[in-house]
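A.B. asks: In my numbering, the protein residues as written are 1 to 177.
A virtual CB, placed ideally from N, CA and C, is assigned to each residue, including glycine.
#1: Excluding the 5 residues flanking residue 120 on each side, which residues of the same chain have their C-beta closer than 6 Å to its C-beta?
#2: Could you check whether the region 73 to 84 touches the region 96 to 113, counting it as contact only if at least three pairs of C-beta atoms, one from each stretch, sit closer than 8 Å?
#3: The beta strand (DSSP E) with residue 71 in it runs from where to where?
#4: Is the beta carbon of residue 28 closer than 9 Å to that of residue 178?
#5: Alpha carbon to alpha carbon, what distance is there between residue 170 and residue 118?
#6: Nearest to residue 131 by CA position, among 175, 65, 90, is which residue?
#7: Should residue 54 be labelled buried (16 or more other beta-carbon atoms within 10 Å of its own) or exposed?
#8: First and last residue of the beta strand (DSSP E) that includes residue 56?
#9: For residue 147, name the three-state secondary structure that DSSP assigns.
#10: Might you give, ordered along the chain, the residues of its own chain that have their beta carbon closer than 6 Å to the beta carbon of residue 83, omitting 5 neighbours on each side?
#11: Can you give me the Cβ contacts of residue 149 inside the same chain, cut-off strictly under 8 Å, excluding the 5 residues immediately before and after it?
#12: From 108, 167, 42, pick the residue whose C-alpha is nearest to that of residue 143; which is it?
#13: Is residue 158 helix, strand or coil when you go by DSSP?
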């Protein structure tokens with residue numbers, strides 16, 4: 001009986017010291033002050049409103065991060081996944097994006113924007129033809145600052161960054177018409 005109690009005590013100590021530090025370990029987390037994960041994206045950030053990009057912020061950046069990539073897409077589109085935003089070469093020091101990131105260069109923030117499925121550079125907000133759609137904002141932490149030109153598509157970019165992704169965070173919002 002003493003042996004079992006001793007083993008249980010050792011397991012408890014291991015959980016307290018190792019389990020709690022594991023639970024508190026930092027992982028990349030993406031949020032928006034405009035909407036909560038799984039909730040409705042405000043009209044302001046859609047084609048029915050001002051069609052401007054929402055503010056975003058992140059934390060828990062892993063060591064070794066040299067840059068970020070942000071993709072927003074809608075897997076519920078009738079013709080397959082629809083890409084709303086492709087933003088890359090975001091410097092490692094950046095921890096947030098204000099609303100209304102314009103398609104031009106953003107010297108205060110840095111980064112380069114790609115081609116969305118509206119055939120435009122920059123952000124194109126949710127604009128579902130009908131029903132409720134999910135919009136996934138995906139932030140990738142990369143181990144390199146890749147020298148990439150403006151105007152890449154999501155598919156082109158994803159091929160290039162494979163092998164450079166350290167961590168990924170996802171924020172999902174919904175919108176319906």
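C.D. replies: Let me spell this out:
#1: none
#2: no
#3: 67 to 74
#4: The question about residue 178 has no answer, for the chain in this structure spans 1 to 177.
#5: 22 Å
#6: 175
#7: buried
#8: 56 to 59
#9: coil
#10: 73, 116, 117, 154
#11: 112
#12: 167
#13: helix
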